[in-house]
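Basically UniProt numbering = 1-based index in the sequence shown + 22.
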Amino acid sequence: QHETAAYKQRIKALLQQHNAALVAHYYTDPEIQALAEETGGCVSDSLEMARFGKHHAADTLIVAGVRFMGETAKILSPEKTILMPTLEATCSLDLGCPVDAFSAFCDQHPDRVVVVYANTSAAVKARADWVVTSSIALDVVDFLDSQGKKIIWGPDKHLGHYVQKQTGADMLLWDGACIVHDEFKAKALVELKQQYPDAAVLVHPESPDSVVQLADAVGSTSQLIKASQTMANQTFIVATDKGIFYKMQQQEPGKTFIEAPTGGNGATCRSCAHCPWMAMNGLQAIEAALVNKTGHEIFVDDALRLKALVPLDRMLNFAK
Ligand code: 13P
Ligand code: SF4
């Protein structure tokens, strides 16, 4: 506790000294989200993180999240210094979508519009026509479908399947998954629901279809937080990274939030739902990044950046 307070104190001074803002995702650990709030930074979903970083007057952004979030910040704000607590914080969706293979897949279907999830490298974004986050994936695909467009979707097959089902769009899906959401189990969730018959089930659409089908609300992190506020239920079973409980409990201290079950063979594993890469964003790493930029700064090649900016800007302009 003492040590945490000392870290926070030093980080606050460093943020001021560098005219820096801390931008954190809802999946980071509670103390990181609290620090972002205390220092006038932002805690949000991937779409709002991008928007906040772009419009904030800071010279430096320290992005507590995973690498694609830092890269997105750099693509949108090349004039800013973008630091990350660790450059090792990747994402299984990004890892499962190497640009050469994805590009070859796109080349085989030149008649299709390429829509990629924000959880991708700058190089994959540069190959895409649109970037989307889970907050606006449905709206963008619905729009493209209404224009008669056929779509290539990558990399998350579960989110892609959900969007396809909801919109009826013609979509070819890349075979990627989030290692955190892929672990939620429908059978164990049915059993848990029986124990809490009044609970509403909130599910992030990176989860398997069998789990999504049990949901009372499906959506991005920000949409799930909103649902936990607006729905009348007092108890919620939540199928997404447990970092989200910080904000849910803060907004609705009187309500009860329960982790959805994860684990192999239908067995329950009630504490697994935390992204190992999000967990790398500790106070020590944030301080280290601010003290010594080396090894923490995000760079994106300029030609690549300009290409990736096109589909990212399309998303931000669409979402206005
Ligand atoms: P959102 O915050 O956009 O819902 O994204 C979830 C996610 O997986 C981030 O890694
Ligand atoms: Fe990637 Fe899943 Fe971690 Fe999000 S939670 S960063 S999608 S691995």
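We put the beta carbon where it would ideally sit given N, CA and C, even for glycine.
Query raised in the report: Gly288: buried (16+ other C-beta within 10 angstroms of its C-beta) or exposed?
Result: Low confidence applies to Gly288: its pLDDT is 46, below 50, so where it sits in the model is not reliable, and the reading given next is rough at best. Per the 10 Å Cβ criterion, exposed.
Query - Leu69: CB within 7 Å of a non-hydrogen atom of ligand 2 - result: no
Query - Enclosing beta strand (DSSP E) for Thr103 [first to last residue] - result: Where Thr103 is concerned, the enclosing beta strand (DSSP E) stretches over 103-105.
Query raised in the report: Just the Cα atoms here: how many angstroms apart are Asp231 and Glu309?
Result: Take the alpha-carbon of Asp231 and the one of Glu309: they are about 40 Å apart.
Query raised in the report: Under a three-way DSSP split, which group does Leu246 fall into?
Result: Helix, per DSSP.
Requested in this report: Can you tell me the Cβ-Cβ gap for residue 344 and Arg89, rounded? I've got them flagged as a contact below 8 Å.
Outcome: Lying before the first or after the last residue shown, residue 344 is absent from the chain, which here runs from 23 to 342.
Requested in this report: Would you grab the beta carbon distance between Ile174 and Val136 for me? Rounded to a whole angstrom, and I think it's under 8 Å.
Outcome: 5 Å
Query - Selected residue, minimal CA-CA separation from Gln235, among Gln130, Thr278, Ile247, Lys209 - result: Lys209
Report task. Check each candidate in Gly182, Trp196, Val260, Ser242 and name the one with the smallest Cα separation from Leu69. Result -> Ser242
Query - Between the CA atoms of Glu281 and Ser293 - distance to the nearest angstrom - result: For Ser293, the predicted model reports a pLDDT of 43, less than 50, meaning its position is unreliable and no value from the coordinates is stated.
Report task. Please list, in chain order, all residues of the same chain as Cys291 whose beta carbon is under 6 Å from its beta carbon, the five residues on each side excluded. Result -> Note on Cys291: pLDDT 49, under 50, position unreliable in the model; the coordinate value appears next. Once the five neighbours on either side are set aside, the close Cβ partners of Cys291 are Thr284, Gly285.
Report task. Compute the beta-carbon to beta-carbon distance between Pro107 and Asn303, rounded to the nearest angstrom, for a pair I have assumed lies under 8 Å. Result -> 5 Å
Query raised in the report: Hey, how far is the Cα of Glu319 from the Cα of Pro100?
Result: 12 Å
Query raised in the report: Near Arg32, what residues of its chain come up, given a Cβ to Cβ distance below 8 Å and the 5 sequence neighbours on each side ignored?
Result: Glu309
Report task. Please indicate yes or no: does the CB of residue 351 lie closer than 7 Å to some heavy atom of ligand 1? Result -> There is no way to answer for residue 351, as the model of the chain reaches only from 23 to 342.
Query - For His296 and Gly265, the rounded distance between their alpha carbons - result: Here the alpha carbons of His296 and Gly265 stand approximately 7 Å from one another.
Query raised in the report: Is it buried or exposed for Thr252, if we count other Cβ within 10 angstroms and need 16 for buried?
Result: Exposed.
Report task. Confirm the yes/no value for this check: CB of Tyr49, any heavy atom of ligand 2, distance under 7 Å. Result -> yes
Query raised in the report: Taking the alpha carbon of residue 20 as the point to measure from, which residue in Tyr139, Asp238, His40, Leu338 has its own alpha carbon closest?
Result: No answer is possible for residue 20: it lies beyond the span of the chain, which begins at 23 and ends at 342.
Query raised in the report: Tell me, which residues are paired with Ile84 by DSSP?
Result: Leu44, Leu105
Query raised in the report: Per the contact definition of three or more C-beta pairs closer than 8 Å, is the stretch 71-81 in contact with the stretch 40-52?
Result: yes
Requested in this report: Decide if Pro227 is buried, meaning its Cβ has at least 16 other Cβ atoms within 10 Å, or exposed.
Outcome: The residue in question, Pro227, is buried, as its Cβ has 16 or more Cβ neighbours within 10 Å.
**Report entry** DSSP-derived helix/strand/coil call for Ile266
**Finding:** helix
Requested in this report: In the DSSP assignment, find the unbroken alpha helix (DSSP H) run with Thr61 in it and report its ends.
Outcome: Segment: none, Thr61 is in no alpha helix (DSSP H) and carries neither H nor E.
Requested in this report: Below 8 Å CB to CB, which residues in the same chain sit around Ile247 once its five sequence neighbours on both sides are set aside?
Outcome: Tyr48, Ile266, Lys269, Met270, Gln273
Query raised in the report: Between the Cα of Ser157 and the Cα atoms of Gln245, Ala86, Lys277, which residue gives the shortest distance?
Result: Gln245
**Report entry** Residues bridged to Met193 [DSSP beta-bridge criterion]
**Finding:** Ile173
Query raised in the report: CB of Cys119 to nearest heavy atom of ligand 2: below 7 Å?
Result: no
Query - For Leu37 and Leu45, the rounded distance between their alpha carbons - result: For the sequence presented, residue 45 should be read as Val rather than Leu. For Val45 and Leu37, the distance between alpha carbons rounds to 12 Å.
Query raised in the report: Does DSSP classify Gly92 as helix, strand or coil?
Result: Reduced to three states, the DSSP call for Gly92 is helix.
Query - Residue burial classification, Phe258 (beta-carbon count within 10 angstroms, cutoff 16) - result: Answer is buried; the Cβ neighbour count reaches 16.
Query raised in the report: By a C-beta neighbour count over all protein chains shown, 10 Å radius and 16 as the cutoff for buried, is Phe124 buried or exposed?
Result: buried
Report task. To the nearest angstrom, report how far apart Thr142 and Val233 are at their CA atoms. Result -> 24 Å
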